[in-house]
Amino acid sequence: MKENDFNFLSKNVSLKEKELFFGPIDLKNESWFEIEEKDIMANILFKIGIFPSITQARKNGWNKPIPNGFSEFKVGKNKRMITILNLTEKE
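For the sequence shown, the residue numbers in the working numbering are 78 to 168.
Set out below in structure tokens:
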């Protein structure tokens, strides 16, 4: 994982699923964030510092739900890579 890469996981993701989607896990050099049930995309962009507030992220069009499943986005002028594994109970 690079300095501009950020990984987000839902609470119900197991270590096995984490390794399946992200490869071998290096807990010393990688940053992992947990998705809260109430979070939307604006919360994620605020957490990694792309926007100074959740309100600002919402005003810039990120007032949408976190997609289910596996997603990747490049965001911002620094091209930060956001990888999301958001598994629902059914998946």
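Backbone N, C-alpha and C fix where the C-beta goes; we use that ideal spot for every residue, glycine too.
Could you give the first and the last residue of the continuous alpha helix (DSSP H) run that contains Ile121? As a working note, residue 121 is residue 44 in the sequence shown. Where Ile121 is concerned, the enclosing alpha helix (DSSP H) stretches over Met118 to Lys124.
Considering only the beta carbon of each residue, do Asn195 and Ile127 sit closer than 8 Å? Because the chain spans 78 through 168 in this model, residue 195 falls outside it and cannot be assessed.
In chain order, what residues of the same chain have a beta carbon less than 6 Å from the beta carbon of Leu92, not counting five sequence neighbours either side? Reading the sequence shown from its first residue, position 15 is the one you call residue 92. Nothing listed; no residue qualifies.
Below 8 Å on the Cβ atoms is my contact criterion, and I expect Asn81 with Lys156 to pass it. Report the Cβ-Cβ distance as a whole number of Å. Walking along the sequence shown from the start, residue 81 turns up at place 4. Walking along the sequence shown from the start, residue 156 turns up at place 79. Yes, they are in contact, since the Cβ atoms of Asn81 and Lys156 sit about 7 Å apart, within 8 Å.
Count the other CB atoms within 10 Å of the CB of Asn89; is the residue buried (16 or more) or exposed (fewer)? Here residue 89 refers to the residue found at position 12 when the sequence shown is read from its first residue. Exposed, since its Cβ has fewer than 16 Cβ neighbours within 10 Å.
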